[in-house]
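Numbered per the working numbering, the sequence shown spans residues 274 to 667. Data block below; observations after.
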Amino acid sequence: MSERLQWIQDELDRLKESGLYNRIRTISTPQGAWLVVDGKRVLNFCSNNYLGFANHPRLVEKARQALEKYGVGPGAVRTIAGTLDLHTELERRIAAFKGVDAAITFQSGFTANLATIAALVGKEDVVFSDELNHASIIDGCRLSGARIVRYAHADPVDLEARIRENEGTYRRAIAITDGVFSMDGDIAPLDKIYEVTSAYNVMLMVDDAHGEGVLGKGGRGIVDHFNLHGKVDIEIGTFSKAFGVVGGVSAGSPLVVEWLRQRGRPFLFSSATPAADVAACIAAIDVLEESTELVDRLWENARYFKAEMKKLGFDTGVSVTPITPIMLGEAPLAQQFSRELFEEGVFAMAIGYPTVPHGKARIRVMISAAHSKDDLDKGLEAFARVGKRLGVIG
Ligand SMILES: *Cc1c(COP(=O)(O)O)cnc(C)c1O
274 MSERLQWIQD ELDRLKESGL YNRIRTISTP QGAWLVVDGK RVLNFCSNNY LGFANHPRLV
334 EKARQALEKY GVGPGAVRTI AGTLDLHTEL ERRIAAFKGV DAAITFQSGF TANLATIAAL
394 VGKEDVVFSD ELNHASIIDG CRLSGARIVR YAHADPVDLE ARIRENEGTY RRAIAITDGV
454 FSMDGDIAPL DKIYEVTSAY NVMLMVDDAH GEGVLGKGGR GIVDHFNLHG KVDIEIGTFS
514 KAFGVVGGVS AGSPLVVEWL RQRGRPFLFS SATPAADVAA CIAAIDVLEE STELVDRLWE
574 NARYFKAEMK KLGFDTGVSV TPITPIMLGE APLAQQFSRE LFEEGVFAMA IGYPTVPHGK
634 ARIRVMISAA HSKDDLDKGL EAFARVGKRL GVIG
């Protein structure tokens, strides 16, 4: 190995010693309640496939038809020759579903955040950012060059204090928050946040990646949940979680969307999402608009699993959504817990720093409408056995 790269080996060794090294497991089946992972059949408690859409027959069929009609590749970026009629149809449909006037789609939720934040603010501006915001928001803020002012997690009072502290020092300001926080499963108090931002003429952006398909009427998301239609300037979304496919979206004011078509760099400089994926996203909206059955089942499953975990004596943190953290503290314990669950036939990943703060390692269980009650009971039994063996519960 070249001496110049020795530092990488040293860093990797340190990660392994501290229980923070990512060991990546490989899946050889479609997404669903059960998976074959590293050759072993296990109950899936890890996917963001909230509604079972990732392998839903209607989505697969629409994708197959689009594949046959359009082929595999987009051929260009959206602004040159990459915009299909399917892209504009998806943009219309997702805007209507969310109850906003306009939407623009991207390759992922990650790129939607990078594109949107960097287009809305620059060097003379300020971003007020929740201290637990997703990495893609943090990177978008850094990329924008704007001054980043963090406010205490989900705290509109602290947000107001930070805005007052900085008044007069900037050209434009935007407040950005996750809707549902992906590691804790709590919900931003968006109604209170809106009261603050509107009083100070600060733009408001929410990242609804874990809210779409989950919160609001039939999964219409956090703005619907708080009945804030027309008040939030921009909503970021992803098609990779409840929608079960891949892609990102910025939705809201037509003015913002038009600006992103001109200045959203991943839209201008990275190729469009392939037709099959776009068609599958449209089919997901079809299914969601027809019935609330899957969203209802997701919540039923989540309530049941969480209540039973609490009865067993586990600490599920502050979650009020189907995201169910099992708080364990130190990263090595969380990793051992995850390994032992896997031996018991349950796939639930340990999450540690830097995804969550030091000392707040956990197992994160993602409940899905694809789980049957029997699946959940099997999972609960495995958690009880491992929890007792490792002294986490009595
Ligand atoms: C997952 C996630 C993203 C990224 O979405 P992708 O489509 O997977 O890139 C962005 N923001 C939040 C809050 C997320 O949870």
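The beta carbon of each residue, even a glycine, is placed where N, CA and C say it ideally should be. All of these numbers come straight from a predicted model, not from anything done at the bench.
THR594 and GLY458 closer than 8 Å at C-beta: A distance below 8 Å separates the beta carbons of THR594 and GLY458.
Return the CA-CA distance between ALA580 and GLY395, expressed in angstroms with no decimal places. Computed Cα separation, rounded: 46 Å.
Limits of the unbroken beta strand (DSSP E) element including PHE379: For PHE379, the uninterrupted beta strand (DSSP E) run begins and ends at 375-379, by DSSP.
Go ahead and pull the three-state DSSP assignment for GLY618. When DSSP states are grouped into helix, strand and coil, GLY618 belongs to the coil group.
DSSP three-state label for PRO598, please. It is a strand residue.
Simplified DSSP assignment, three categories, for ASP412: Helix.
Going by other Cβ atoms of all chains shown within 10 Å of its Cβ, with 16 needed for buried, is PRO330 buried or exposed? The residue in question, PRO330, is exposed, as its Cβ has fewer than 16 Cβ neighbours within 10 Å.
Tell me whether the stretch 545-557 and the stretch 334-341 touch, counting them as touching only if at least three CB pairs, one residue from each stretch, are closer than 8 Å. Output reads yes: the stretch 334-341 touches the stretch 545-557.
Here's the rule I'm using: 16 or more other beta-carbon atoms within 10 Å means buried, otherwise exposed. How should PHE261 be labelled? This structure does not reach residue 261, given that the chain is present from 274 up to 667, and the question cannot be answered.
Please go through the same chain and pick out, in chain order, the residues whose beta-carbon is closer than 7 Å to the beta-carbon of GLY667, but skip the five residues on each side of it. Closer than 7 Å at the Cβ level, and outside the excluded window around GLY667, lie GLY586.
Compute the distance between the beta-carbons of SER526 and ALA375, then report whether it is under 8 Å. Taking 8 Å as the Cβ cut-off, SER526 and ALA375 qualify as a contacting pair.
Would the C-beta of THR511 count as close to ligand 1, meaning under 7 Å from any of its heavy atoms? For ligand 1, at least one heavy atom lies less than 7 Å from the Cβ of THR511.
In terms of alpha-carbon separation, which member of PHE379, GLY517, GLU362 lies closest to PRO303? The residue with the shortest Cα to Cα distance from PRO303 is GLY517.
Going along the chain, which unbroken runs of the alpha helix (DSSP H) with 4 or more residues stay wholly within the stretch 321-346? You should have 330-343.
With burial defined as no fewer than 16 other Cβ atoms inside 10 Å of the residue's Cβ, what is the status of ASP559: buried or exposed? ASP559 should be labelled exposed.
Please state the DSSP three-state secondary structure of THR384. Helix, per DSSP.
Proximity to VAL674 [Cα-Cα], best of TRP307, LEU488, ARG534, ALA306: In this structure the chain extends from 274 to 667, so residue 674 is not present and cannot be described.
Does DSSP classify ARG420 as helix, strand or coil? Three-state DSSP puts ARG420 in a strand.
For the beta strand (DSSP E) holding GLY510, just list the boundary residues, first then last. For GLY510, the uninterrupted beta strand (DSSP E) segment begins and ends at 507-511.
Between PHE379 and GLY520, which are expected to be in contact by the criterion C-beta below 8 Å, what is the C-beta distance as a whole number of angstroms? Indeed, because the Cβ distance is near 7 Å, the residues count as touching under 8 Å.
Is the beta carbon of LEU308 closer than 8 Å to that of ASN317? Closer than 8 Å, so yes.
Below 8 Å CB to CB, which residues in the same chain sit around ASP451 once its five sequence neighbours on both sides are set aside? Apart from sequence neighbours up to five positions away, the residues of its chain that approach ASP451 with a beta-carbon distance below 8 Å are ASP403, LEU405, ASN406, HIS407, ILE410, ALA461, VAL479, ASP480, ALA482, HIS483, ordered along the chain.
Considering just the uninterrupted stretch of the beta strand (DSSP E) at ASN317, what are its terminal residues? 313-317 is the extent of the beta strand (DSSP E) around ASN317.
For LEU477: DSSP bridge partner residues: Beta-bridge analysis with DSSP links LEU477 to ALA448.
Taking 8 Å as the threshold (C-beta atoms), are ILE300 and ALA524 in contact? Their beta carbons are not under 8 Å apart, which means ALA524 does not touch ILE300 by this criterion.
Kindly give me the distance between the Cβ atoms of ARG444 and ASP398, rounded to whole angstroms, as I take these residues to be in contact under 8 Å. That pair is a contact at about 5 Å.
Taking just the CA atoms, how far does LEU357 sit from GLY344? Distance between the alpha carbons of GLY344 and LEU357: 12 Å.
Please work out which residues of its chain come closer than 7 Å, Cβ to Cβ, to SER611, disregarding the five sequence neighbours upstream and downstream, and give them in chain order. Excluding sequence neighbours, SER611 sits near ALA621, MET622, ALA623, ILE636.
C-beta contact flag for GLY355 and ASN328 at 8 Å: Contact flag unset, no.
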